[in-house]
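Have a look at the structure below, then the notes.
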Amino acid sequence: MDEVRGFLDGLRREWPEVFLRRRPRTRFRSAPSVAAMPAAPRSAPAEGGLEAHFHARASFWAERLGVTFGAVRVKDQRSLWGSCSRRGNLNFNWRLSLAPSEVQDYVVIHELAHRLEMNHSRDFWAVVERVCVQHKAHRRWLRKNGARLYGVSRPVPRAS
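Numbering (this note's numbering) for the sequence shown: 19 to 178.
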């Protein structure tokens, strides 16, 4: 477990400098600020800690969207950043935790918007834009940097 924590903490120390230089300023509507959100867990990168982290973000944004959701799970998905089932269960890729918090919030908002529109219609994107004005910039960030995040292998803890 300590090896996993050390690995992810190292990535968080090195990568923000590169990503922050390229990231546009983000503005969210209908929310006090992203700074009001709980900070990303630095000492608990294990799945349970990430599930709590994404659950907190989902709770924050669900209240603003006026939706509910079921379970929150963190998975090792091969091609998705997140998904929302018809029952309202949310799944997030663990690699999303390596992205800037604004991008994480965009994915959470995107999945919660499916609670109102289970498609990607104009109505769906209007829901997303209602609380995440910069959603297009965040999608571009994921397209541009996603391959790097997918290049990160999940460290396998060694048996003691």
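All C-beta atoms, glycine included, are put in the ideal place defined by N, C-alpha and C.
Helix, strand or coil, according to DSSP, for S139 in the structure here? Here residue 139 corresponds to residue number 121 of the sequence shown, with the count starting at 1. In the structure shown, S139 sits in coil (DSSP, three-state: anything other than H, G, I, E or B).
How about the stretch 117–124 and the stretch 134–144: do they share at least three Cβ pairs that are nearer than 8 angstroms? no
Indicate the three-state DSSP secondary structure (helix, strand or coil) for L134 in the structure shown. Position 116 of the sequence shown holds residue 134. Reduced to three states, the DSSP call for L134 is coil.
Quick check on the DSSP output: the beta strand (DSSP E) that includes R113 runs from which residue to which? Along the sequence shown, one-based indexing puts residue 113 at 95. Element bounds for R113: n/a, residue is neither H nor E.
Considering only C-alpha positions, which residue in the set L114, F87 and A76 is nearest to D94? Looking up residue 94 in the sequence shown gives position 76. Nearest of L114, F87 and A76 to D94, Cα basis: L114.
Residue nearest to F78 in terms of C-alpha spacing, selected from S97, Y124 and R91: By one-based count along the sequence shown, residue 78 stands at place 60. The candidate whose alpha carbon is nearest that of F78 is Y124.
Between which two residues does the beta strand (DSSP E) holding R91 run? As a first step, residue 91 is located in the sequence shown; it is residue number 73 there, counting from the start. Note, R91: beta strand (DSSP E), V90 to K93.
In three-state terms, what does DSSP make of S101? Residue numbering aside, residue 101 sits at position 83 when the sequence shown is read from its first letter. The answer is strand: DSSP assigns S101 an E or B state.
Considering Cα atoms alone, identify which of W112, N107, N111 and G67 is closest to T86. Along the sequence shown, read from residue 1 onward, the residue named residue 86 stands at position 68. The residue with the shortest Cα to Cα distance from T86 is N107.
Mapping the DSSP letters down to three states, classify S119 as helix, strand or coil. For the purposes of this step, residue 119 is taken as the residue at position 101 of the sequence shown. Under the three-state reduction of DSSP output, S119 falls in the helix class.
Coil, strand or helix - V170 by DSSP: Residue mapping note: residue 170 aligns to position 152 of the sequence shown, counting from 1. Correct three-state label for V170: coil.
What is the C-beta distance between V90 and A80, in whole angstroms, given that I count them as a contact (C-beta under 8 angstroms)? Numbered from its first residue, the sequence shown carries residue 90 at position 72. Numbered from its first residue, the sequence shown carries residue 80 at position 62. Wrong, their Cβ atoms sit about 11 angstroms apart, outside the cutoff.
Cut-off 6 angstroms between Cβ atoms - residues of its own chain near L83, not counting five sequence neighbours on either side: Numbered from 1 along the sequence shown, position 65 holds the residue referred to as residue 83. Closer than 6 angstroms at Cβ, skipping near neighbours: L130.
Hey, V146 and I127: beta-carbon distance below 8 angstroms or not? Position 128 of the sequence shown, counted from the start, is the residue given in the question as residue 146. Position 109 of the sequence shown, counted from the start, is the residue given in the question as residue 127. Yes, the pair counts as a contact, with Cβ atoms nearer than the cut-off.
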